[in-house]
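Colleague:
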Amino acid sequence: MIEEGKLGVQEAVWLITIAIISKVFFSGPTTMVAIVGNADWYVTILSAAIAMIGFVFIYLLLKRFPEKDITEIFNLSLGRFFGFIFSGILALYMLFVSSTRLAEFSEVFKVYILPLSPNWYIIGFFIVSVFVLSRLGLESMARFSKLAAYPMLTGLIVVLALSARNYNIKNIYPILGHGLSKTITTGIMRSSIYGEIIILAIFAKAFQGIKYIRREGIISIGLSALIISASLLAFTLTFPYYIAQELLGLVYQMAELIDYGPFFQRIEPITLFIWIISALISITIIFYSFVLIFCKMFKIQDKKPIILGGVTIIYAVSLIHKDITTIIFRNIDFMRNLGSIVFFILPLLTLIVAAIRKKGDRQNA
Amino acid sequence: MRKVVAAFILIILMLNLTSCYDAIEINNMLHVVAIGVDRGVSDKWRLTLQFPTIKGSGGGSQSSGGGGQEEYTHVTIDAPSFFAGINMLNASLPRRLTFMHAQIIVFSEELAKSGLIDEYITSIHRFREIRQSAHMLIVKGKADEFLKENEPFIGNLVAKSFQMLINESNNTGFFPRVTLEDFYSGLKSSYRQPIATLTAINDFKSFQKEGEPWETGFKTGGDYIAGKLPRIGKNKIELFGTALFDGGTMVGELSGDETRYMLMVRDEFERGFFTMKDPKEQEMIIALDVRGPTKPKIKVTLDDTVPVIHLKMHLNADILAIQSGVNYEHPKLKVLLEKEFQQIIKNGIEKVVRKCQNLNTDVFMFGDHAIKNFLTIDDLENYNWNSHFEDAKVTVEVKVAIRRTGTQIDGQLARDTERDE
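Chains as they are written, first to last, in the numbering used here: chain A, -12 to 352; chain B, 514 to 934.
(1) By how many angstroms is the C-alpha of K655(B) removed from the C-alpha of G746(B)?
(2) For a contact defined as C-beta to C-beta under 7 Å, what are the partners of I162(A) on chain B?
(3) Does the separation of the CB atoms of D891(B) and H165(A) fall below 8 Å?
(4) R898(B) by DSSP, collapsed to three states: which one?
(5) On the DSSP bridge list, what partners appear for Q232(A)?
(6) Of the residues I637(B), K718(B), E910(B), T889(B), which one's Cα is nearest the Cα of Y598(B)?
(7) Is it right to say Y80(A) is buried, meaning 16 or more other beta carbons lie within 10 angstroms of its own, or is it exposed?
(8) Between Q288(A) and the rest of its own chain, which residues show a CB-CB distance below 6 Å, the 5 nearest in sequence each way excluded?
(9) For L560(B), decide whether its Cβ has a neighbour in chain A, counting only Cβ atoms nearer than 8 Å.
(10) Who are E751(B)'s beta bridge partners in DSSP?
(11) Does the beta carbon of V146(A) come closer than 8 Å to any beta carbon on chain B?
(12) Using the beta-carbon of each residue, which ones in chain B are nearer than 7 Å to L33(A)?
(13) What are the start and end residues of each continuous alpha helix (DSSP H) run of 4 or more residues lying completely inside the stretch 27 to 86 of chain A, in chain order?
(14) Whose C-alpha, out of I617(B), Q563(B), S682(B), T635(B), is nearest the C-alpha of L602(B)?
(15) Let me confirm a value: F675(B) is counted as buried when at least 16 other C-beta atoms fall within 10 Å, else exposed. Which label applies?
(16) Quick one: list the residues of chain A neighbouring K701(B), beta-carbon separation under 9 Å, in chain order.
(17) At the 8 Å Cβ level, is D27(A) part of the contact set with chain B, yes or no?
(18) On a CA-only basis, which of L147(A), I343(A), I301(A) is nearest I270(A)? Give me that one, please.
(19) Identify whether A129(A) lies in helix, strand or coil by the three-state DSSP scheme.
(20) Among all the DSSP beta bridges, which residues are the ones paired with K906(B)?
(21) What is the rounded straight-line gap between the Cα of F44(A) and the Cα of F69(A)?
(22) Taking the DSSP output, what are the residues bridged to L503(B)?
(23) Could you run through the stretch 100 to 112 of chain A and flag, in chain order, every residue whose CB is less than 8 Å away from some CB of chain B?
(24) In whole angstroms, what separates the C-alpha of K461(B) from that of F666(B)?
(25) For a quick check, are the C-beta atoms of A231(A) and F222(A) less than 8 Å apart?
(26) Run through DSSP, which three-state label would L103(A) get?
(27) To the nearest angstrom, how far is the alpha carbon of I109(A) from that of S93(A)?
(28) Under DSSP, the alpha helix (DSSP H) around H587(B) begins and ends at which residues?
(29) If you measure beta-carbon to beta-carbon, which residues of the stretch 762 to 781 of chain B are closer than 8 Å to chain A?
(30) Taking the C-alpha atoms as reference points, what is the distance between A713(B) and R317(A)?
(31) Would you decide whether F521(B) is buried or exposed? Buried here means 16 or more other CB atoms lie within 10 Å of its CB.
(32) For my contact list, A191(A) and K55(A) are in at a C-beta cut-off of 8 Å; report their separation, rounded to the angstrom.
(33) From the beta carbon of P249(A), is the nearest beta carbon of chain B less than 8 Å away?
(34) Based on Cα-Cα distance, which residue from R67(A), V145(A), D348(A), A342(A) lies nearest to K283(A)?
(35) Among residues of its own chain, excluding the 5 on either side of T31(A), which ones have a beta-carbon nearer than 8 Å to its beta-carbon?
(36) Identify each residue in the stretch 235 to 246 of chain A for which the Cβ-Cβ distance to at least one residue of chain B is less than 9 Å, and report them in chain order.
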């Protein structure tokens, strides 16, 4: 039986929050501005609200099947065959997300930091870290997240505060961006930004009971929404919408503009630190989710060989992308628009089927 | 066995961590400090790069003053693009050019007026090595000539020297401080236009060594443009005034005084010494230290077919000098002085706004206030503020408060027998 240890609320919250907010450092904000304009900072709050509803489905499902994780619940609710299919979809999606995020990381990193290093070198080094962290397991990952969270948050606050000199409050106008209907539809579609909340269901047994999972879920989504919204607002105040929709890596670009005279400028390395650590935690936990689901699907007790095989697969998959535009405009767009189906609709369908088939603990239903 | 494998992996990792895969030794790089762009003759663009010769990098060869003067040189090439030019230049330079420390980007006035500047800017804005905080300048004359004259006048380093010169914008207001990011943002906007710092080589011809002494005429000291200041000295380079753009085309320029008024409206004016005629004794002058501590209040309404802009501004000033000895420190006379100065600023702003309206270039960022009238970006872009600015009705209201009177509260004229009688 696969054991993942026991995690406290803080560890869980930071693990999930970092997994969610790492997108801020990639192309996510740029594409968001391209769609909704300068309304991005409150669209994400709408997305968080929708994700919170999605989390309610996950919570109700976990409550109906106490002491079970999502893979087991799929099997119990839908039967072995459909449970296997649902678990397979979730596992493959997690693999797709982790490899796409890794590919995006390497490409954006190449643009700004290591333009001459080949992808195999950047991804190779990163994948070694993913492998080591995965081997250490969920408990170590969560503790590392909690440890890294405070300096990361401090760094982010420092960058946002120092950028205040470049803020132009008038950039928030026109207040509705590209229009209310676009704002609402995008807010709903992009709730997948907070989809990593499903990790609470994947590792449900490690979070010490449904009461704690509920608290961890609410705090994680709320905290992530706060950080993402504050970051997007900072980008909006720094760059007008027509500039923000062009730039790749807005945090980095924003930090580059910080200039308080010859002795206080060039503080982009702070953003690098935050970016790399958050990407490492995010990619590892998503990859590790894939490993766990895969092991449960095929009743494999030893994760180690799967981790080794898994990192080899994401290494290869993240290398075979065509170019950065394919990653941003095809893969990530696909993930953002359809991710909610995997993260929130699958649990909802499972919940409905469980209710119809009268599966699970009906006292908790 | 595990420990052996772990040790082996660690050793491999450590070997890789000794330096980046694509590391370049600092000695193998040539740090460009300034980029100059003119219209080319043999090809579309004439690219000039200025960089240190790093002759003293071997150590030891320093002047007796400590920290010897860094030597700079420059290269110029005609090329089809900025990036082609870099590669072409690297055929004759024994080090790799890097632009991470490039602080100055200078375009010639001719190029700016030809409307080609946006072609060039959009490509260098994309280039990761050039920082968005680099300063944008338009030079009257040739950019390559400008870079030849761009040498550290005080201190050792061009970049630092120039940075400090640019910072003087905050202290004088005679020229704006414009970064690549600011300029690019203006180029892409539908509701503001770009500006750039105006610079030139002063040939010192404006300085008249001989002639009739100045009598009672009046000049503010700011009604010049770059290259025309009546001065002599070692440093030939000067920054003075503003280049105005309509999109990617330079359409005009503002003098030092006009630049101050523009910066006041943009809320970018920090401080400057102003000279005005004495209201009571017109042949005498009064000097004021003016600061702009409060944000100008700008309201733009679009109810009618023409936009209406109402500008309200509050300035603080200290008295620096009263040549006439009239007691303007006294509350009653202080009000007179304030009203007179208010009128000067009001007239100045109205004049410069009219000038820019005639050129159809909103460099005051009125558009930033106009956008509050729109709910969506599509509405804003359909309206196209830049095309409506020339028709706008602008009203200006200025308040000036003289807060302090320097180290004197009752200045008296020097005693003079004739005047005493």
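Beta carbons: idealized from backbone N, C-alpha and C, even for Gly.
Modeller: Walking through what the data contain:
(1) As a working mapping, residue 746(B) is identified with position 233 in the second sequence. As a working mapping, residue 655(B) is identified with position 142 in the second sequence. If you take the alpha carbons of G746(B) and K655(B), they lie about 21 Å apart.
(2) For this step, residue 162(A) is matched to residue 175 along the first sequence. Neighbours of I162(A) on chain B, chain order: L888.
(3) Your numbering for residue 891(B) matches position 378 in the second sequence. Your numbering for residue 165(A) matches position 178 in the first sequence. Yes; because the gap between Cβ atoms is below 8 Å, this pair is in contact.
(4) Locating residue 898(B) in the second sequence gives position 385, where the first residue counts as 1. The amino acid occupying residue 898(B) in the given sequence is Trp; Arg does not appear at that position. Here W898(B) sits in helix by DSSP.
(5) Within the first sequence, residue 232(A) is the residue found at index 245, counting from 1. Bridge pairing for Q232(A): absent [DSSP].
(6) Counting from 1 along the second sequence, the entry for residue 598(B) is found at position 85. According to the sequence displayed, residue 598(B) carries Gly and not Tyr. Ranking the options by Cα distance to G598(B), first place goes to I637(B).
(7) Within the first sequence, the letter at position 93 stands for residue 80(A). Counting Cβ neighbours within 10 Å, Y80(A) comes out buried, since at least 16 surround it.
(8) As a position in the first sequence, residue 288(A) is number 301, starting the count at 1. Cβ contact annotation for Q288(A) (same chain, cutoff 6 Å, sequence separation greater than five): none.
(9) Residue mapping note: residue 560(B) aligns to position 47 of the second sequence, counting from 1. Answer no: the Cβ-Cβ gap between L560(B) and chain A never drops below 8 Å.
(10) In the second sequence, residue 751(B) corresponds to position 238, counting from 1. Residue pairing by DSSP puts E751(B) in a beta bridge opposite A713(B).
(11) Looking up residue 146(A) in the first sequence gives position 159. Chain B contact via Cβ: absent.
(12) What you label residue 33(A) is simply residue 46 of the first sequence in a count that begins at 1. Those within 7 Å of L33(A) in chain B number zero; the least Cβ separation is about 17 Å.
(13) The qualifying runs are 27 to 51.
(14) Within the second sequence, numbered from 1, the residue matching residue 602(B) stands at position 89. L602(B) has its Cα closest to that of Q563(B), out of I617(B), Q563(B), S682(B), T635(B).
(15) Working through the second sequence from its first residue, we reach residue 675(B) at position 162. The Cβ neighbour count for F675(B), taken over all protein chains shown within 10 Å, is at least 16; the residue is labelled buried.
(16) The sequence position of residue 701(B) within the second sequence is 188, counting from 1. Here the neighbours are P227, Y229, I230, E233.
(17) Counted from its first residue, the first sequence places residue 27(A) at position 40. D27(A) does not count as touching chain B.
(18) In the first sequence, the residue the question calls residue 270(A) occupies position 283. Checked all of L147(A), I343(A), I301(A); the closest Cα to I270(A) is I301(A).
(19) Here the question's residue 129(A) lines up with position 142 in the first sequence. Three-state DSSP puts A129(A) in a helix.
(20) Translated into positions along the second sequence, residue 906(B) becomes position 393. V821(B).
(21) Translated into positions along the first sequence, residue 44(A) becomes position 57. Translated into positions along the first sequence, residue 69(A) becomes position 82. Approximately 19 Å, taken between the alpha carbons.
(22) Past the boundaries of the shown model lies residue 503(B); chain B is included only from 514 to 934, so the question cannot be answered.
(23) For the stretch 100 to 112 of chain A, the set of positions with a beta-carbon nearer than 8 Å to some beta-carbon of chain B reads L101, P102, L103, S104, P105, Y108, F112 in chain order.
(24) Since the first residue shown for chain B is 514 and the last is 934, residue 461(B) is missing from the structure and cannot be characterised.
(25) By 1-based counting over the first sequence, the position of residue 231(A) is 244. By 1-based counting over the first sequence, the position of residue 222(A) is 235. A contact, by the Cβ cut-off of 8 Å.
(26) Numbered from its first residue, the first sequence carries residue 103(A) at position 116. Under the three-state reduction of DSSP output, L103(A) falls in the coil class, being neither helix nor strand.
(27) Stepping through the first sequence from its first residue, residue 109(A) is reached at position 122. Stepping through the first sequence from its first residue, residue 93(A) is reached at position 106. The alpha-carbon atoms of I109(A) and S93(A) are separated by roughly 6 Å.
(28) In the second sequence, residue 587(B) corresponds to position 74, counting from 1. It is not in any alpha helix (DSSP H) - H587(B) instead sits in the beta strand (DSSP E) that spans 585 to 592.
(29) Hits within the stretch: zero.
(30) Taking the first residue of the second sequence as position 1, residue 713(B) is located at position 200. Taking the first residue of the first sequence as position 1, residue 317(A) is located at position 330. Annotation: A713(B) to R317(A) spans about 49 Å, alpha carbon to alpha carbon.
(31) Walking along the second sequence from the start, residue 521(B) turns up at place 8. With fewer than 16 other Cβ atoms within 10 Å, it is exposed.
(32) Here residue 191(A) refers to the residue found at position 204 when the first sequence is read from its first residue. Here residue 55(A) refers to the residue found at position 68 when the first sequence is read from its first residue. The Cβ separation is near 7 Å, so the contact holds.
(33) By one-based count along the first sequence, residue 249(A) stands at place 262. Chain B contact via Cβ: present.
(34) Translated into the one-based positions of the first sequence, residue 283(A) becomes position 296. Among R67(A), V145(A), D348(A), A342(A), the Cα nearest to that of K283(A) belongs to R67(A).
(35) On the first sequence, position 44 is the one that residue 31(A) refers to. Taken in chain order, the residues that qualify are M19, G174, R177, I180, A212, I215, S216, L219.
(36) Within the stretch 235 to 246 of chain A, the residues whose Cβ lies closer than 9 Å to any Cβ of chain B are, in chain order, Q240, E243, L244, I245, D246.
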